[in-house]
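Those sequence lines, one after another, are chains A and B. Numbering follows this note's numbering, with no gaps: position 136 of the first sequence is 138. Numbering follows this note's numbering, with no gaps: position 29 of the second sequence is 1450.
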Amino acid sequence: METVISLERVWAGYPKTPVLEDINLQVQALDFIGLIGPNGGGKTTLLKVLLGLVQPQRGTVKILDRPVTQGRRYIGYVPQILELDRDFPIQVRDVVNMGRLGKRKLFHRYNRKDREIVQRSLVQVGMADKGDRPIGELSGGERQRVYIARALASEPKILLLDEPTANVDSHVQNSIYELLKELNQSMTIMMISHDLGAISSYVKTVGCLNRRLHYHHDRLITPTMIEETYQCPVDLIAHGIPHRVFPDHADGSSSPTHHHSSSCDHA
Amino acid sequence: MVLPRQPTTILHPATMLDALQFDFMQNALMAGILVSIACGIIGTFVVVNRIVFISGGIAHAAYGGIGLGYFFQFNPIWGAIAFGLISALGMGWVEQQTKQRGDTLIGVMWAIGMAIGIILIDFTEGYKAGLESYLFGSILAVPRSDLWLMFGVDCVIIALIALLYKELLAISFDPVFATTRNLPVRSLYLVLVGLIALTVVMVMQIVGLIMVIALLTIPAAIASQWQKKITAMMGLASLLGISFTTTGLWLSYRFNLTSGATIILVSGIAYLLSLGLKAYGDRQSTQPEA
């Protein structure tokens, strides 16, 4: 299996107070990896390291075997939607066009091929009829789709999403996850989220990040991972999990919520 | 013996058309149009990038260059352009390094530039002709040669914006995404602040450095209330600028007022009207249908 993202012994942040400690991660092609962790646990920093926006203190980062500044060309980055974006006078199609930036040299205009790919990306995310709408008139979920379309327009090998469902209602969340699941057939997806429930039902592998990364190429979240990542307010984050992802314990408890509290008690 | 005071009869043509028979009036009108085009285009980027503060800083720091011009006896406008560009690059760099937290440093650069200008003018011997025009503007005293300079600056601005449109739009909308596409975001940003500097120096001659920001941002700010596309915003802002300078010019001529301040007042009133109109329109459209 081809490794598309590789982090080896990566430390980042400030020398005295590292935000990321000794991160080792090999992401395989066509994986759908979800990273969860508390706020301030380094999720955003890890994302910035992968995009070459933050230089790690130590360690090596490779994207498709290239250094990040080269490799990031193959990453379609989907940022979190911000309220501030609404004010910007820009239409959907112009946002998606930006996905083509790396493909066209400075001073050159977008050409017919660019327009075709942009249109295709809009169709893929179900926004084909809204290309001429100003971004300020869209709902949160629609804007998230536009950002996904922009990433797709860059013809990425990897999709990197920062909290794609942070500011949208649960119905829209599911439709976005369904879209990602579909896209995952042809590209690797890495997603940062605090939404443990959705992550566990859609992703293929899960990592827990709180300065250190717990990742086992599996979608099972073990109590140990949770404990070490969240220092155990497990009830809270486990609430509303649609699918059972926690391994059974010997006591055979069936309620997930009860299950987690008991797993904490074990600690 | 005291003569009875004669009523001063100043020729006040009632219409702009009558006034236009004067060369200086033609020049003033032309200057207003040329400056408004630059303001419409660049002001749009200033407004959407929320860098009004930097633009104000550039305008005031440019005064250092004016002082330099007076002291070394060259055309102060070249000094202003040089100082404006240097301070723009400095402030742009600070802004990039500190990510929105550079306002103190930018404020300091703003003040130092201004202070250098004042001190240099203190050191300059003799009569300092036209100094006021840089502070308060003098659209009525713009010579024909300056019109050509303005025309040149307009051409540079239009050409660069047209060539770099997709990049400048991208760094304005989402600099992080632009970086991941390996765009030279920093250099592009410096090009943008450089263009702001050129525009600011140009506008300074019309309304003076104290009110530059108003003419740079008010038309674009109004346009942003009604247009949802950058290019449309630029066009509308330019047209608004032209109508404000023309109206202001005529009013200042008709009632013998300071031209720069009149233009700004016209723009400011238009802004408030637009704001009210927009708020009214929004309320109408959000009201439930009967």
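Quick reminder that beta carbons are idealized off the backbone N, C-alpha and C, glycines included.
- Taking CB atoms only, residue 99 (chain A) has a neighbour in chain B less than 9 Å away.
- Along the region 1634-1658 of chain B, the positions whose C-beta sits under 7 Å from a C-beta of chain A are 1645, 1648, 1649, 1650, 1651, 1654, read in chain order.
- The Cβ of residue 184 (chain A) sits no closer than 9 Å to any Cβ of chain B.
- Interface residue (Cβ-Cβ distance to chain B less than 9 Å): residue 93 (chain A) is classified as such.
- Contact of residue 69 (chain A) with chain B is not assigned, every C-beta pair being separated by 9 Å or more.
- Taking a Cβ-Cβ threshold of 7 Å, none of the residues of chain A is close to residue 1577 (chain B); the smallest such distance is about 15 Å.
- From the beta-carbon of residue 1704 (chain B), no residue of chain A is found nearer than 9 Å; the closest lies around 17 Å away.
- Residue 1593 (chain B) has a beta carbon lying within less than 9 Å of a beta carbon in chain A.
- With its beta carbon at least 9 Å from every one in chain B, residue 161 (chain A) lies outside the interface.
- Residues of the same chain with a CB within less than 8 Å of the CB of residue 11 (chain A), apart from the 5 flanking positions on each side, are 24, 25, 26, 60, 61, 62 in chain order.
- Taking a contact as a CB-CB distance under 8 Å, the pair residue 1636 (chain B) and residue 1644 (chain B) does not count as one, their CB atoms being some 13 Å apart.
- In the structure shown, residue 45 (chain A) adopts helical secondary structure according to DSSP, grouped into three states.
- Contact annotation: in the region 1599-1614 of chain B, residues whose CB is within less than 7 Å of a CB in chain A are 1599, 1600, 1601, 1602, 1603, 1604.
- The three-state secondary structure of residue 79 (chain A), taken from DSSP, is strand.
- Assignment of residue 221 (chain A) by DSSP, reduced to helix, strand and coil, places it in the coil class.
- Proximity to residue 1596 (chain B) across A:100, A:34, A:184 peaks at A:100, based on C-alpha coordinates.
- Sequence-ordered contacts of the region 1443-1469 of chain B with chain A read 1469 [C-beta pairs closer than 8 Å].
- The CB of residue 104 (chain A) comes closer than 9 Å to the CB of 1601, 1602, 1603, 1604 in chain B, given here in chain order.
- Between the C-alpha atoms of residue 6 (chain A) and residue 97 (chain A) there is a straight-line separation of about 27 Å.
- Under the Cβ distance rule, residue 1587 (chain B) counts among the residues neighbouring chain A, one pair being separated by less than 9 Å.
- At a Cβ-Cβ threshold of 9 Å, residue 1627 (chain B) and residue 1601 (chain B) do not count as neighbours.
- CA-CA distance, residue 72 (chain A) to residue 161 (chain A), rounds to 16 Å.
- Cα atoms of residue 110 (chain A) and residue 94 (chain A): separation of roughly 21 Å, rounded to the nearest angstrom.
- By the criterion of a C-beta distance shorter than 6 Å, residue 1669 (chain B) is surrounded in its chain by 1683, 1684, 1687, once the five residues flanking it on both sides are discounted.
- Within the same chain, Cβ atoms closer than 6 Å to the Cβ of residue 66 (chain A) are found at 6, 73, 76, the five residues on either side in sequence being excluded.
- With contacts defined as CB atoms closer than 9 Å, residue 1622 (chain B) and residue 1498 (chain B) qualify as a contacting pair.
- Chain-order list of chain A residues neighbouring residue 1584 (chain B): 109, by C-beta distance under 7 Å.
- In the DSSP assignment, residue 1459 (chain B) falls within the alpha helix (DSSP H) that extends over 1444-1470.
- Taking 9 Å as the threshold, the shortest C-beta distance from residue 1661 (chain B) to chain A does not fall below it.
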